[in-house]
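Here's the structure, in structure tokens; my notes come after.
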Amino acid sequence: MSNSGDEEITSISPKITGKRERVSIGSLLPPSKLLRSGESTEHIRALAETEETLPPIVVHRETRRVIDGMHRLRAARFRGDELIEVVFVDGSSADVFVLAVELNRAHGLPLTMAERKSAAARIMDSHPHWSDRKIARTTGLAASTIASLRSSSISGTVERRTGQDGRIRPNDGTGGRQRASDLLAQNPNASVREVAKIARISVGTASDVRARLRRGEPAVTARQQAVLKLRPAAATQRTSPDYGRVLQSLRKDPSLRFTDVGRRLLRLLDGAAPGSVEQIAQIADSVPEHCRIVVVDMARECAAAWQHLADQLAGRDTA
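All letters in the sequence shown, in the order written, are residues 0 to 318 by numbering that gives the first Met the number 0.
In structure tokens:
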């Protein structure tokens, strides 16, 4: 028997062991989050009648739900088979859904445009730090389509995103450019590498900032300035006036009130209550210059910790 199907599957994700196992068809469950709106009876019959060896289906080990291969599973049932070859995979429900999309693109019945957009929306919600190009490559959509979908989703707003190469980059370069401008104003002879390291931007961006300043141009590009003008309104929308009410409701939840971890979470949420745009601006203006970089680093560490918690909760398997 050829293992080419195994090699194709394991090349997509290192989480797949590639070891085939024969399991009872009755022990498997359908996906909790469907990629497509329905199944193709014609495709199921074609698979049931083929004499070719089909690749094993991929199953989430913890939940026994099918990640990839529902049509192959239906075809096996149609033939009256009791066992089917599977490859198990471990991971959260969010990562498993991404894997399902990747496997479908590799060898599954192609998704419609609407189904791919729906999949992209789910991935943006569970992986908001992913870049448009990374999600586009996963779903088979254009990066411009992902950008359009993200612009209509509040959940798509994050400070940093992970690119196709796995490197984490700032989603918005205005802050880094402004820091570089301030550093060059204080020390015009600083090297671009030094500026890049302190401002947390690329050497290329630091070099561009220096060149723009020497030409008498602002460090922030015209496009970025246009985005900044729209930011106050967007920030106001993200600061929910219901935060206090929601927190009060959580305080009444027995599962939080009467557990050590729950009470700790409530204290953290109470201390992290967001202020208004004006309040945050007032705090920023009052921070002494000699404390600015330290406060920036601490604020970012806090934001990263909360983002990590949000990602873990969003990716928790609810099946």
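No residue lacks a Cβ here, since even glycine has one placed at the ideal position from N, Cα and C.
When the five nearest sequence neighbours on each side are left out, the beta carbons in the same chain lying within less than 6 Å of the beta carbon of leucine 53 are those of Arg71, in order along the chain. Secondary structure of isoleucine 197 (DSSP, three-state): helix. By the neighbour-count criterion, in which 16 or more other beta carbons inside 10 Å mark a residue as buried, alanine 195 falls on the buried side. The count of Cβ pairs closer than 8 Å, one atom from the region 58-70 and one from the region 120-127, stays below three, leaving the stretches out of contact.
In the DSSP annotation of this structure, the continuous segment of the alpha helix (DSSP H) that includes phenylalanine 77 starts and ends at 69-78. In the three-state DSSP reduction, serine 125 falls in the helix class (H, G or I).
Here DSSP, grouped into helix, strand and coil, assigns lysine 18 to strand. Residue environment analysis places asparagine 103 among the buried positions, since at least 16 neighbouring C-beta atoms fall within 10 angstroms of its C-beta.
Scanning Thr144, Phe96, Arg213 for the CA closest to the CA of valine 65 turns up Phe96. Burial is judged here by how many other beta carbons sit within 10 angstroms of a residue's own beta carbon; aspartate 252 has fewer than 16 and is exposed.
The Cβ atoms of glutamine 281 and alanine 218 do not sit closer than 8 Å to each other. Taking a 10 Å sphere around the C-beta of alanine 93, we find 16 or more other C-beta atoms and assign the residue as buried. Taken through DSSP and simplified to helix, strand or coil, serine 39 comes out as coil.
Of the residues assessed, alanine 198 falls on the buried side of the cut-off, its CB having 16 or more other CB atoms within 10 angstroms.
Approximately 6 Å separates the beta-carbon atoms of arginine 209 and leucine 183; this is inside 8 Å, confirming the contact. Using a Cβ distance threshold of 8 Å, threonine 138 and alanine 113 do not count as a contacting pair.
In this chain, the beta strand (DSSP E) harbouring valine 57 covers 56-59.
Secondary structure at phenylalanine 96: helix, using DSSP grouped into helix, strand and coil. Within a 10 Å sphere around the beta-carbon of aspartate 89 sit fewer than 16 other beta-carbons, which makes this residue exposed. Around valine 286, the same chain offers Val294 as residues with beta carbons nearer than 7 Å, after the five sequence neighbours per side are excluded. Residues Leu249, Arg250, Leu255 of the same chain have their beta carbon placed closer than 7 Å to that of leucine 265, with the five preceding and five following residues left out of the count.
Within the same chain, Ile43, Leu46, Ala47 come within 7 Å of alanine 74 by CB-CB distance, once the 5 residues on both sides are set aside.
Under the three-state reduction of DSSP output, glutamate 84 falls in the strand class.
Under the three-state reduction of DSSP, serine 147 is assigned to helix. The criterion of a C-beta distance shorter than 8 Å is satisfied by aspartate 67 and alanine 99. For cysteine 301, the uninterrupted alpha helix (DSSP H) segment begins and ends at 291-313.
A direct Cα-to-Cα measurement between proline 127 and lysine 18 gives close to 32 Å.
Cβ-Cβ distances below 7 Å link serine 206 to Val191 in the same chain, with the five nearest sequence neighbours on each side left out; the list follows chain order.
Counting other Cβ atoms within 10 Å of its Cβ, threonine 49 stays below 16 and is therefore classed as exposed. Between leucine 246 and leucine 268, the CB-CB gap stays under 8 Å.
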